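Those letters in the sequence shown? Residues 4 to 202, per my numbering, in order. Presented below is the structure to which this report refers.
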Amino acid sequence: MTESNHRAPLSDVQLRVKALESLLIEKGLVNQQALDAIIDNYENKVGPHIGAKVVARAWTDPDFKATLLEDASAALAEMEYTGIEGSHMVVKENTDKIHNLVVCTLCSCYPWPVLGLPPNWYKSTPFRAKAVRDPRGLLREFGLELSTDTEVRVWDSNAEIRYLVLPKRPAGAEGMSEEELSKIVTRDAMVGTGLIALQ
Ligand code: FE
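Next comes the structure, spelled out in structure tokens:
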């Protein structure tokens, strides 16, 4: 007998979400199509490739970068990268002396319009706890060994503010176009758990 045709049983949380969704639709409080459109958007259309475009533009357009660091919500709204779970955005720039790391210690707040839905590790308790207790040790687990004179700054996201890291443009990427640059920017680099390397 094979299990491959069977779906795994729903978890307690999934069952609760389904029950809640059915009830809201039944009572006419939400519209099934609108709900499906939102889920499809964040599962399939929005993702780290959006954030990567923002980073590549900031690397190649100093005026845009200045606006992005000054008022990320406005800069992103201008590119139409805004929406639920990301209307108030703050961008933190990595430098030779500062490395930024984003977490949500309470739950899983994440900048949906520019990164899509959060990965499971971002939502996990060990990640959230260690980001505060021992950020350097946590980064080491992700393969990042930062020099001791690099200051690590941890940004705790919440329902109001969502953070995005502007990674350092890697050495050797000077001649690359904005489009080429956008292809080397990774999700982890924009959360602060990765650095950008040229392949
Ligand atoms: Fe949260």
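We treat Cβ as the ideally placed atom computed from N, Cα and C, and that holds for glycine. These numbers come from a predicted model, not from an experiment.
Note the first and the last residue of the continuous beta strand (DSSP E) segment covering Glu154.
-> As a working note, residue 154 is residue 151 in the sequence shown. Per DSSP, Glu154 belongs to the beta strand (DSSP E) from 154-159.
Does the separation of the CB atoms of Pro65 and Met92 fall below 9 Å?
-> Numbered from its first residue, the sequence shown carries residue 65 at position 62. Numbered from its first residue, the sequence shown carries residue 92 at position 89. Contact flag unset, no.
Run the proximity test for Ser90: is its beta-carbon closer than 8 Å to any non-hydrogen atom belonging to the ligand FE?
-> Within the sequence shown, the letter at position 87 stands for residue 90. Every heavy atom of the ligand FE is 8 Å or more from the Cβ of Ser90, so no.
Beta carbon of Leu109: closer than 8 Å to some heavy atom of the ligand FE?
-> Along the sequence shown, read from residue 1 onward, the residue named residue 109 stands at position 106. Result yes, Cβ under 8 Å from the ligand FE.
Beta-bridge partners of Arg165, as assigned by DSSP | Counting from 1 along the sequence shown, the entry for residue 165 is found at position 162. Bridge partners of Arg165: Met92.
Any chance the segment 108-123 sits against the segment 76-89, with 3 or more Cβ pairs inside 8 Å?
-> yes
Please name the residue or residues paired with Asn103 in a DSSP beta bridge.
-> The residue labelled residue 103 in the question sits at position 100 within the sequence shown. Per DSSP, Arg156.
7 Å Cβ shell around Ala55 - same chain, five flanking residues per side excluded = Counting from 1 along the sequence shown, the entry for residue 55 is found at position 52. Counting only Cβ-Cβ distances below 7 Å, and skipping sequence neighbours, we find Ser185, Val188.
Where does the unbroken alpha helix (DSSP H) through His52 begin, and where does it stop?
-> As a working mapping, residue 52 is identified with position 49 in the sequence shown. From DSSP, the alpha helix (DSSP H) with His52 extends over 51-63.
Starting from the Cα of Leu142, find the closest Cα among Tyr166, Ile42, Ile41, His102 and give me that residue.
-> Locating residue 142 in the sequence shown gives position 139, where the first residue counts as 1. In terms of CA proximity to Leu142, His102 leads the group Tyr166, Ile42, Ile41, His102.
Within the same chain, show all residues whose beta-carbon is closer than 6 Å to that of Gly197, passing over the 5 residues directly before and after it, in chain order.
-> In the sequence shown, counting from the first residue as 1, residue 197 sits at position 194. Counting only Cβ-Cβ distances below 6 Å, and skipping sequence neighbours, we find Thr189, Asp191.
Chain-order list of residues whose beta-carbon lies under 8 Å from that of Lys21 (same chain, five-residue window excluded) | Here the question's residue 21 lines up with position 18 in the sequence shown. Hits under 8 Å: Leu13.
Helix, strand or coil at Lys30 according to DSSP, with G and I counted as helix = Along the sequence shown, read from residue 1 onward, the residue named residue 30 stands at position 27. Of the three classes helix, strand and coil, the one that applies to Lys30 here is coil, per DSSP.
Can you give, in chain order, each stretch of the alpha helix (DSSP H) that sits fully within the segment 108-135 and has at least 4 residues?
-> 115-118, 123-126
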